[in-house]
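I have placed the structure first, in the form of structure tokens, so that the comments after it can refer back to it.
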Amino acid sequence: MSAHLPHLPHLPSSDLVVVHEDVRDALDAGVGVVALESTILAHGLPHPDNIEIAAQIEDAVRAGGSVPATIAVLDGVVHIGLGATEVERVCTDPDIAKLSVRDVGVATALGRSGATTVASTSALANLAGIRVFATGGLGGVHRGASETFDVSADLGVIASTPVLVVCAGVKSILDVAGTLETLETLSVPVLGYRTDAFPGFYLSDSGQPVPWRVESAEEAARVVVARDRLGTDAAGVVLANPLPADRQVDRELHDRLVAEGLALLEREGVHGKDVTPRLLEFFHDNSGGESLRANVELVLANARLAGEVAAEVARLSGPGGDRDLQA
Ligand code: PSU
Ligand code: MN
Numbered sequence: 313m314s315a316h317l318p319h320l321p322h323l324p325s326s327d328l329v330v331v332h333e334d335v336r337d338a339l340d341a342g343v344g345v346v347a348l349e350s351t352i353l354a355h356g357l358p359h360p361d362n363i364e365i366a367a368q369i370e371d372a373v374r375a376g377g378s379v380p381a382t383i384a385v386l387d388g389v390v391h392i393g394l395g396a397t398e399v400e401r402v403c404t405d406p407d408i409a410k411l412s413v414r415d416v417g418v419a420t421a422l423g424r425s426g427a428t429t430v431a432s433t434s435a436l437a438n439l440a441g442i443r444v445f446a447t448g449g450l451g452g453v454h455r456g457a458s459e460t461f462d463v464s465a466d467l468g469v470i471a472s473t474p475v476l477v478v479c480a481g482v483k484s485i486l487d488v489a490g491t492l493e494t495l496e497t498l499s500v501p502v503l504g505y506r507t508d509a510f511p512g513f514y515l516s517d518s519g520q521p522v523p524w525r526v527e528s529a530e531e532a533a534r535v536v537v538a539r540d541r542l543g544t545d546a547a548g549v550v551l552a553n554p555l556p557a558d559r560q561v562d563r564e565l566h567d568r569l570v571a572e573g574l575a576l577l578e579r580e581g582v583h584g585k586d587v588t589p590r591l592l593e594f595f596h597d598n599s600g601g602e603s604l605r606a607n608v609e610l611v612l613a614n615a616r617l618a619g620e621v622a623a624e625v626a627r628l629s630g631p632g633g634d635r636d637l638q639a
């Protein structure tokens, strides 16, 4: 039996989609590629730090042995892989929209620009034949979702898109247990990277367990390849990578920020897609730099790990990769 992944036809460039040359070359050569979202740059990290951080994230993917493909929509064109000028635009334009999957077609038709979320980045990565994606935190089930119905589109898209997402879990502003229950219902496997605990973004341990644990990038890559070979379902995989315990945000500060942040949303009547950006802004303004420090560290660690996983997926899927498949 061949271990080769079903070869996705690489998305040809068109008037709607441009695949960056470096990304296309890497895909053609069977080199690992890691998709990166642009919403964390445009709406999750403060300007002007975001420009430098964007470059560091791409460098972390390269350090892991793969090629980065940051995804965004610019003037109605989907870009899979951005050059420095385009990254700067995403990081600087105050009017750049936040685009979930449902918004991408609208933005292309109307010639708009926008940053892509976990949901839209996963969907576009999959179209381009990219199997691994790095982000900071996943969107999830919001507290009070049984009243507000606020469940991130990230979950539904991961359930139907065979891309592995490396993240530091979800923030505790969300209903963490409800998010994990939903991932179970949607048949999305959750792997802890060298941990039995689902991370809570700023915190190394959210208090919830993970169903599976892997010890290496190679083990995570094996999961991707084995699921493809079995062909049982088309869901993605969540690989949860915690901050080391000594790098997490102080728990007291964390609990205060979460309580104040949730009260602020209530007071300001913030809802829909503005919730996450408003909370992140509040944390960055009120933590004396701690939330930004932790956020940057976890994104860089996730990008590095994703680079390693994508390189292993490429190796296992390439010539001679079969013999390494079983442990
Ligand atoms: N979590 C973070 N930072 C972020 C996001 C999530 O710590 O910037 C972004 C991601 O792009 C994610 C999106 O896909 O927020 C989820 O938004 P919503 O809850 O509106 O679906
Ligand atoms: Mn929402």
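Throughout, this note's numbering is defined as the position within the sequence shown, counted from one, plus 312. Ideal Cβ placement from N, Cα and C applies to all residues, glycine included. Computed from a predicted model, the values in this text were never measured in an experiment.
- Relative to the ligand MN, residue 466 has its C-beta separated by 6 Å or more from all heavy atoms.
- Residue 462 has its Cβ nearer than 6 Å to a heavy atom of the ligand MN.
- For residue 512, the closest alpha carbon among the candidates 581, 549, 448, 532 is that of 448.
- Around the beta carbon of residue 443, a 10 Å sphere encloses 16 or more other beta carbons of the protein chains shown; the residue is thus reported as buried.
- Looking at the DSSP output, residue 382 shares a beta bridge with 348.
- Counting only unbroken stretches of 3 or more residues, the beta strand (DSSP E) elements lying wholly within the region 539-587 are 549-552, in sequence order.
- Burial is judged here by how many other beta carbons sit within 10 angstroms of a residue's own beta carbon; residue 336 has at least 16 and is buried.
- About 12 Å separates the CB atoms of residue 353 and residue 607; that is not less than 8 Å, and the two are not in contact.
- Just measuring C-alpha positions, the residue of 457, 629, 515, 497 sitting nearest residue 570 is 515.
- With contacts defined as CB atoms closer than 7 Å, residue 613 and residue 369 fail to qualify as a contacting pair.
- Of all alpha-carbon atoms in 441, 525, 567, 434, the one lying nearest the alpha-carbon of residue 349 is that of 434.
- The alpha-carbon of residue 465 is positioned some 11 Å away from that of residue 584.
- In its chain, beyond the 5 residues on either side, 346, 380, 615, 619 have a beta carbon closer than 6 Å to the beta carbon of residue 373.
- Between residue 399 and residue 427, the CB-CB gap reaches or exceeds 7 Å.
- In the three-state scheme derived from DSSP, where H, G and I count as helix and E and B as strand, residue 500 is classed as coil.
- Cβ neighbours of residue 419 within its own chain (closer than 6 Å, five residues either side excluded): 385, 411, 426.
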